[in-house]
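Novice: Take a look at the following structure, please.
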Amino acid sequence: MSDSNKSIGWGYLPDEILTQIFTFLPIKSIIICTSVSKTWKSLIKNPTFISTHLHHSHNKSQNLFLLFNISWNGKQVYTLHKEDDPDFIVYTSFDSPFHAPAPDLRGVAGTCNGLICLSNHAEGIFLWNPCVRKFLQLPYPNVNADDTHGLSFGFGFDPKTNDYKVVRILSIFDSPFDFVKSRPVVEVYSLLAGEWRMLTASTSASLPPICAIIGSVRPAFANGALHWIAFTNDYKQFVLVFDLGDEVFRQILLPEFPEKMMCTRLSVYGNSIAVFIDQMDQISIWVMKECGVASSWTPFFTAHFDFGEAMLTPIGFRRNGDAVFVFGEGKLVSWNPEIKKIKYLRIIGDDGNFIDSYIESLVLLDKASNVAVTY
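Numbering (this note's numbering), first residue to last: 451 to 825.
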């Protein structure tokens with residue numbers, strides 16, 4: 451029997467059987483198996499196996515966690531929490547992968563299939579899989595940003611091409627409160643191609659309209675598309691959508707609400723998106739029942755919160771439908787709209803808090819890190 455059909459430890463097993471066994475192992479055990487033999491390492495780092503393992507993980511609901519980007523004693527820490535744990539106790543945590551002194555990486559552009567996309571004006575853009583300890587620094591984009599630009603990043607997966615993409619949008623301003631009458635500048639990074647591409651009229655069937663995006667507000671990634679809250683020159687809000695597969699933009703109208711109320715955040719809710727609408731101590735949430743269809747906006751709930759002078763900021767949803775907010779000095783709470791009850795999560799973060807679904811994966815295991823990281 452050839453070496454490709456035998457392995458150490460489990461006797462002479464066909465590659466197909468070994469692959470099945472590896473699929474059901476925990477991530478840490480799989481990583482250990484890569485050190486057993488060259489055959490095992492080759493099987494595990496095969497892109498086909500990585501995709502198979504990811505598909506298997508998605509079908510195991512117990513593998514889904516919530517990811518928080520928080521700060522403990524001034525140190526960047528990323529924690530995972532079991533979604534079905536009522537007390538939200540830390541399942542595991544990851545230190546920042548950067549050498550001390552760590553850069554201020556509050557810019558979590560998003561997370562998808564176990565990858566975390568981090569952005570920082572000074573240090574650049576990074577893709578990180580903490581489970582396999584792989585960390586890639588992306589090349590610098592082609593267009594530089596300055597004080598007249600509003601900078602926003604989005605991150606997601608294109609299932610049509612099996613590719614991960616980072617979208618960088620530069621909104622151009624005359625001044626902090628006066629928009630230039632021009633389209634945002636859009637660049638797309640493809641992990642498969644390993645380079646940035648600028649979207650132009652000759653390369654894209656649809657460019658963004660004349661508008662601006664507030665860079666500090668992250669987009670929501672749902673159904674293969676990124677969704678931002680955008681503003682026109684007369685400050686009217688709408689949802690700007692970018693399909694990662696077709697690489698085209700489209701617009702979705704927001705639900706009608708009083709003029710003094712503003713949309714503060716979009717968030718993934720189930721298989722669609724939801725929008726948080728804020729007015730002083732009152733927060734309303736509308737859910738788009740049918741993704742991409744403006745007429746399907748449906749009021750979810752409206753609640754009055756009294757936290758005194760503490761500002762309440764929405765950051766997303768738990769899988770059970772509870773909305774999560776940060777208030778005061780980084781205290782996190784979840785709000786159950788059915789029983790109208792607030793639960794303190796006993797987690798302290800900062801204004802860089804980020805929450806999203808997370809799944810442990812082997813993505814990037816077959817890639818060579820271009821940044822030397824020891825942690």
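Note that the Cβ used here is the ideal one computed from N, Cα and C, for glycine as well.
Every value quoted in this text rests on a predicted model; they were computed, and no experiment measured them.
(1) Could you round the C-beta distance between leucine 782 and isoleucine 797 to whole angstroms and report it? I think they count as a contact, below 8 Å.
(2) Thinking valine 558 and leucine 565 are a contact (beta carbons under 8 Å), I'd like their distance in whole angstroms, please.
(3) Could you tell me the alpha carbon to alpha carbon distance between proline 658 and aspartate 696, rounded to whole angstroms?
(4) Measure the Cβ-Cβ separation of leucine 716 and tryptophan 678 and say whether it is below 9 Å.
(5) Which of the three DSSP states is assigned to alanine 744 in this structure?
(6) Which ranges would you report for the alpha helix (DSSP H) in the segment 477–521 if only whole runs of at least 4 residues count?
(7) Taking the straight line between their C-alpha atoms, what separation do you get for leucine 641 and phenylalanine 767?
(8) Is proline 547 buried or exposed, if buried means 16 or more other CB atoms sit within 10 Å of its CB?
(9) Would you mind sorting alanine 550 into buried or exposed? The rule is 16 or more other CB atoms within 10 Å of its CB.
(10) Candidates His506, Val691 and Phe576: which alpha carbon is nearest asparagine 673's?
(11) What residue from Ile477, Val698, Asn721 and Val689 has the CA that sits closest to threonine 650's CA?
(12) Only counting the same chain, and skipping five residues up and downstream in sequence, which positions put a Cβ closer than 6 Å to that of lysine 725?
(13) With the cut-off set at 9 Å, would you say glycine 560 and glycine 606 are in Cβ contact?
(14) Flag this pair as yes or no: are the beta carbons of leucine 620 and valine 593 separated by less than 9 Å?
(15) What would DSSP say about leucine 463, mapped onto helix, strand or coil?
(16) Just curious, the beta strand (DSSP E) that leucine 642 is in, first and last residue?
(17) Exposed or buried, proline 669, counting other C-beta atoms within 10 Å across all chains shown (16 or more means buried)?
(18) Considering only residues of the same chain and omitting the five flanking positions on each side of valine 718, which have a CB-CB separation below 6 Å?
(19) Secondary structure at threonine 763, three-state DSSP: helix, strand or coil?
(20) Using only CA atoms, which one of Leu676, Ile664, Glu533 and Glu779 lies nearest to leucine 694?
(21) Is it buried or exposed for glutamine 701, if we count other Cβ within 10 angstroms and need 16 for buried?
(22) Can you tell me whether DSSP reads phenylalanine 777 as helix, strand or coil?
(23) Looking only at its own chain, which residues have a Cβ that is under 6 Å from the Cβ of alanine 744, when we skip the five neighbours before and after it?
(24) Can you tell me where the beta strand (DSSP E) with threonine 561 in it begins and where it stops?
(25) Taking the Cβ atom as the reference point for each residue, do serine 469 and leucine 504 lie within a distance shorter than 9 Å?
(26) Where do the N-terminal and C-terminal ends of the beta strand (DSSP E) with isoleucine 727 fall, by residue?
(27) Go to valine 667, then tell me how far its beta strand (DSSP E) extends in each direction, as first and last residue.
(28) Would you please state the rounded distance, in angstroms, between the beta carbons of tryptophan 747 and methionine 761? I believe it to be under 8 Å.
(29) Per DSSP, what kind of secondary structure is threonine 752 in: helix, strand or coil?
(30) Given a threshold of 16 other Cβ atoms within 10 Å of its Cβ, counted over all protein chains shown, does leucine 814 qualify as buried or as exposed?
(31) Under 8 Å by Cβ, that's how I've got glutamate 533 and leucine 516 pegged, so tell me the actual separation to the nearest angstrom.
(32) Count the other C-beta atoms from every protein chain shown that fall within 10 angstroms of the C-beta of histidine 531, then say buried if there are 16 or more, exposed otherwise.
(33) Work out the CA separation of tryptophan 490 and cysteine 741 for me, nearest whole Å.
(34) Hey, proline 787 and phenylalanine 750 are a contact pair by Cβ (cut 8 Å); roughly how many whole angstroms apart?
(35) Between the alpha carbons of tyrosine 825 and isoleucine 477, how many angstroms are there, rounded?
(36) Measuring CB to CB, does aspartate 806 end up less than 9 Å from lysine 793?
Specialist: Taking the structure as given:
(1) At roughly 5 Å, the Cβ-Cβ gap stays under 8 Å, so leucine 782 and isoleucine 797 are in contact.
(2) That pair is no contact at about 11 Å.
(3) Between proline 658 and aspartate 696, the C-alpha separation is close to 14 Å.
(4) Taking 9 Å as the cut-off, the Cβ atoms of leucine 716 and tryptophan 678 count as close.
(5) The three-state secondary structure of alanine 744, taken from DSSP, is helix.
(6) Runs of the alpha helix (DSSP H) inside the segment 477–521: 477–483, 488–494 and 497–508.
(7) Pairing leucine 641 with phenylalanine 767, the inter-Cα distance amounts to about 28 Å.
(8) Burial call: buried.
(9) Confidence is the limiting factor: at alanine 550 the pLDDT is only 46, short of 50, which leaves the residue's position unreliable and the question unanswerable from this model.
(10) Proximity to asparagine 673 across His506, Val691 and Phe576 peaks at Val691, based on C-alpha coordinates.
(11) The closest CA to that of threonine 650, considering only Ile477, Val698, Asn721 and Val689, is found on Val698.
(12) In the sequence on display, residue 725 carries valine and not lysine. Only residues of its own chain outside the window of five on either side were considered, and among them Cys713, Leu716 and Trp736 have a CB closer than 6 Å to the CB of valine 725, listed in chain order.
(13) Yes, they are a contact pair.
(14) Going by C-beta atoms, leucine 620 is nearer than 9 Å to valine 593.
(15) In the three-state reduction of the DSSP assignment, leucine 463 falls in the coil class.
(16) Note, leucine 642: premise wrong, no beta strand (DSSP E); not H, not E.
(17) Its Cβ being crowded by 16 or more others within 10 Å, proline 669 is buried.
(18) Apart from sequence neighbours up to five positions away, the residues of its chain that approach valine 718 with a beta-carbon distance below 6 Å are Ala670 and Ala672, ordered along the chain.
(19) The three-state reading of DSSP puts threonine 763 in strand, counting E and B together.
(20) Between leucine 694 and the set Leu676, Ile664, Glu533 and Glu779, the nearest pair of CA atoms involves Leu676.
(21) By the neighbour-count definition (other C-beta atoms within 10 Å, threshold 16), glutamine 701 is an exposed residue.
(22) In the displayed model, phenylalanine 777 falls within a strand according to three-state DSSP.
(23) Closer than 6 Å at Cβ, skipping near neighbours: Ile702 and Leu703.
(24) Residues 557–562.
(25) With the sequence shown as reference, residue 469 is identified as threonine, and serine is not the correct amino acid for it. Threonine 469 is not a Cβ neighbour of leucine 504, given a cutoff of 9 Å.
(26) That run of the beta strand (DSSP E) goes 722–729.
(27) Under the DSSP assignment, valine 667 falls outside any beta strand (DSSP E); it carries neither an H nor an E label.
(28) The distance from the Cβ of tryptophan 747 to that of methionine 761 is about 26 Å, inconsistent with a contact at the 8 Å cut-off.
(29) Here DSSP, grouped into helix, strand and coil, assigns threonine 752 to strand.
(30) Its Cβ being crowded by 16 or more others within 10 Å, leucine 814 is buried.
(31) Rounded, the Cβ-Cβ distance is 6 Å, consistent with contact.
(32) Under this definition histidine 531 is a buried residue.
(33) Each residue's CA atom was taken as its position, placing cysteine 741 and tryptophan 490 some 42 Å apart.
(34) Right, the Cβ-Cβ distance comes to about 7 Å (below 8 Å), so this counts as a contact.
(35) Confidence at tyrosine 825 is low in this model, with a pLDDT of 41, below 50, so its placement is unreliable and the value that follows should be read with caution. Their Cα atoms are separated by approximately 17 Å.
(36) Cβ distance not < 9 Å, so aspartate 806 and lysine 793 don't count as in contact.
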